[in-house]
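Taking it in order: structure first as structure tokens, then the write-up.
Numbering (our numbering), first residue to last: 1015 to 1211.
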């Protein structure tokens, strides 16, 4: 029993900074909506602070300023009907063209981490924050919206460096502040590296 307890990771209060790369698509499981294409590629700066730790478990707060490049195209033009306004035919013509635009996000959230060994851990993460989208789609108006991300990941620590990989689900919408607000759903992966200060 003593040998096991010595192997338990006992984290100290720490701050980590890092960067990550994220790629998502609405075509991935569990979404797979065939009426439109929506894919994103993004980079994040990451800031982690340990709030609480006990034996193998810890809670962390995370901040993530992010920049995404989004690719969008409406595949089913009949998604836009008479209820979309008198200019619905012009909207169909516009949104069925392939377009690229930017999404800027400032999100905060929490990580619940469980250490499997001194160096290897798994975790759940959830973040939310305001987003600025540079272009409208048939599902989401440009301007202010919100970006929510949930994920399941693993980290491996090498001295002061942490290597990280996670599977993520992402949802963008504007809380019904403006129309349209169907939002975008996507899933994918994120990988990054961080350094303990």
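Don't be surprised by glycine CBs; every beta carbon is placed ideally from N, CA and C.
Between the alpha carbons of residue i and residue j, how many angstroms are there, rounded?
i	j	result
residue 1063	residue 1161	21 Å
residue 1174	residue 1211	8 Å
residue 1182	residue 1027	26 Å
residue 1094	residue 1045	20 Å
residue 1029	residue 1136	18 Å
residue 1130	residue 1167	13 Å
residue 1180	residue 1116	23 Å
residue 1110	residue 1050	9 Å
residue 1125	residue 1107	43 Å
For the alpha helix (DSSP H) containing residue i, list its first residue and its last residue.
i	result
residue 1105	1102 to 1109
Taking all protein chains shown into account, decide if residue i is buried (16 or more other Cβ within 10 angstroms of its Cβ) or exposed.
i	result
residue 1112	exposed
residue 1031	exposed
residue 1086	buried
residue 1141	buried
residue 1189	exposed
residue 1158	exposed
So is residue i in contact with chain D if we call contact Cβ pairs under 8 Å?
i	result
residue 1168	The displayed structure is made up of one protein chain only, and chain D is not part of it.
How far does the beta strand (DSSP E) with residue i in it extend, from its first residue to its last?
i	result
residue 1070	Residue 1070 -> no beta strand (DSSP E), and no H or E assigned at all.
Which whole-angstrom value describes the C-beta separation of residue i and residue j, a residue pair presumed to lie in contact below a C-beta threshold of 8 Å?
i	j	result
residue 1034	residue 1178	7 Å
### Residue ranges of each beta strand (DSSP E) within the region 1112 to 1153, 3 or longer
As far as the region 1112 to 1153 is concerned, its whole beta strand (DSSP E) runs of at least 3 residues are 1113 to 1129 and 1134 to 1147.
#### Entry: Segments of 3+ residues assigned as beta strand (DSSP E) that fall wholly inside the region 1152 to 1186
Within the region 1152 to 1186, the complete beta strand (DSSP E) runs of at least 3 residues are 1157 to 1172.
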